[in-house]
Amino acid sequence: MAIKGCKTLSVNPKSPDPEMIGKAASLIKNGGLVIFPTSSFYGLGAEAFHADAIDKVFRVKKRDPQKPVLILVASPADLAPLVRSIPKIATRLMEALWPGSMTLVFHAAEALPSNLTGHTGKIGIRLTSHPVASALVRAAGYPITGTSANLSGTGGRTTVADIDPQIRDQVDLVLDAGKTMGGKGSTVVDVTVNPLKILREGVISAERIKEISDQFPVL
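If you're matching positions, the sequence shown starts at 118 in our numbering and goes up one per residue.
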């Protein structure tokens, strides 16, 4: 599907073409922005350690610079350079619910750009289960942003055609995998506090989080 004003590639949502993913990853590694599908909505990807690219994400989305942007990782092992520490309850939640629709909020490592964290000192991280998003993170070789490809204050978008032209026209590439599932976003859990705090209940229920956290209290 061709979208006026930007370059769009149609990708198989279950088995994306490695060449297409490689092209998108190369753009991200060079400071570009790529729209890509996630399990719920389309996301806006930039390299997490590229401060200028992160600035562009905020500008494109018209996002409040005091609000952090979540990032996607390829493996739990990728957390080491991103966070100050990994509480035991976070490890248990990751073992039980990753990959999937759960974002964990950690104290951010100093190496992360302050604009990525919204100058809060915290960072939300998710291990995605969507084949396209997962392949893109792996190919990029770095964590990438997973914020929704929408203008701040508006709902997530399940098709490329529904994404605001103000966003589409300012990105380097769009990976179009058809309609995404929509519905609720990820459940966001802050593991920097004791006990942990559910900031947003999404696909994964608060009851499921509580079931796990009751068995493994934060220490």
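Cβ coordinates follow ideal geometry from the N, Cα and C atoms, glycine included.
Bear in mind that the values here come from a model prediction, so they are computed numbers and not experimental data.
query: Who are the near neighbours of Lys239 in its chain, counting only those whose CB is closer than 8 Å to its CB and skipping five residues on each side?
result: Stepping through the sequence shown from its first residue, residue 239 is reached at position 122. A distance below 8 Å between beta-carbons, with the five flanking residues on each side excluded, links Lys239 to the following residues of its chain, in chain order: Pro185, Val222, Phe223, His224, Ala225, Asp307, Thr309.
message: Can you find the residues in the same chain that come closer than 7 Å, C-beta to C-beta, to Ala266, ignoring five residues on each side of it along the sequence?
response: Residue mapping note: residue 266 aligns to position 149 of the sequence shown, counting from 1. Only Ile152, Tyr159, Gly160, Leu161, Arg274, Ile280, Ile284 meet the Cβ criterion.
task: Determine the burial state of Ala119: buried for a count of at least 16 other Cβ atoms within 10 Å of its Cβ, exposed for fewer.
output: Taking the first residue of the sequence shown as 1, we reach residue 119 at position 2. With a pLDDT of 42 at Ala119, under the threshold of 50, the modelled position of this residue cannot be trusted; read the value that follows with caution. It counts as exposed.
field: Beta-bridge pairing of His262 - partner residues as DSSP gives them
entry: Here residue 262 refers to the residue found at position 145 when the sequence shown is read from its first residue. Here residue 262 turns out to be Thr, not His, going by the sequence shown. Ile188, per the DSSP bridge assignment.
- prompt: Considering only residues of the stretch 140–180, which uninterrupted alpha helix (DSSP H) runs meet the minimum length of 4 residues and lie entirely inside it, listed in chain order?
  reply: Entirely contained in the stretch 140–180, the alpha helix (DSSP H) runs reaching 4 residues are, in chain order, 168–178.
- request: State the Cα-Cα distance for the pair Thr208 and Gly258, rounded to the nearest angstrom.
  value: Numbered from 1 along the sequence shown, position 91 holds the residue referred to as residue 208. Numbered from 1 along the sequence shown, position 141 holds the residue referred to as residue 258. It is roughly 22 Å from the alpha-carbon of Thr208 to the alpha-carbon of Gly258.
field: Candidates Lys296, Ser218, Glu164, Val177: closest to Lys131 by CA position
entry: Translated into the one-based positions of the sequence shown, residue 131 becomes position 14. Nearest option by C-alpha distance: Lys296.
- prompt: Do the CB positions of Leu189 and Ala250 come within less than 8 Å of each other?
  reply: By 1-based counting over the sequence shown, the position of residue 189 is 72. By 1-based counting over the sequence shown, the position of residue 250 is 133. Yes. Within cutoff.
- request: Pick out whichever of Asn311, Val288, Arg317, Gln287 has its Cα sitting closest to the Cα of Lys301.
  value: In the sequence shown, counting from the first residue as 1, residue 301 sits at position 184. When only C-alpha atoms are compared, the closest one is Arg317.
- prompt: What are the residues that DSSP puts in a beta bridge with Gly241?
  reply: Here residue 241 is taken as the residue at index 124 of the sequence shown, counted from 1. Note: Gly241 sits in a beta bridge opposite Val222.
field: Proximity of Gly149 and Asp331 at Cβ, strictly below 8 Å
entry: As a first step, residue 149 must be located in the sequence shown, where it is residue number 32. As a first step, residue 331 must be located in the sequence shown, where it is residue number 214. Judged by beta-carbon spacing, Asp331 lies beyond the 8 Å limit of Gly149, meaning their Cβ atoms are not closer than that value.
message: Suppose contacts are defined by Cβ-Cβ distances below 8 Å. Is Thr198 in contact with Ala168 by that definition?
response: Against the sequence shown, residue 198 aligns to sequence position 81. Against the sequence shown, residue 168 aligns to sequence position 51. First, the residue type needs correcting, since residue 198 is Pro and not Thr in the sequence shown. Pairing Pro198 with Ala168 gives a Cβ-Cβ distance that is not under 8 Å.
message: Between the stretch 321–329 and the stretch 200–214, can you find at least three pairs of beta-carbon atoms closer than 8 Å?
response: Short answer: they touch.
field: Nonlocal neighbours in the same chain, by C-beta distance under 6 Å from Asp293, ignoring five residues either side
entry: On the sequence shown, residue 293 is found 176 positions in, with the first residue counted as 1. Within the same chain, Asp293 has close Cβ partners Met118, Thr125, Ser127, Val277.
task: For Pro193, collect the residues of the same chain with a Cβ closer than 6 Å to its Cβ; drop the 5 residues on either side in sequence, then sort them by chain order.
output: Within the sequence shown, numbered from 1, the residue matching residue 193 stands at position 76. Closer than 6 Å at Cβ, skipping near neighbours: Met211.
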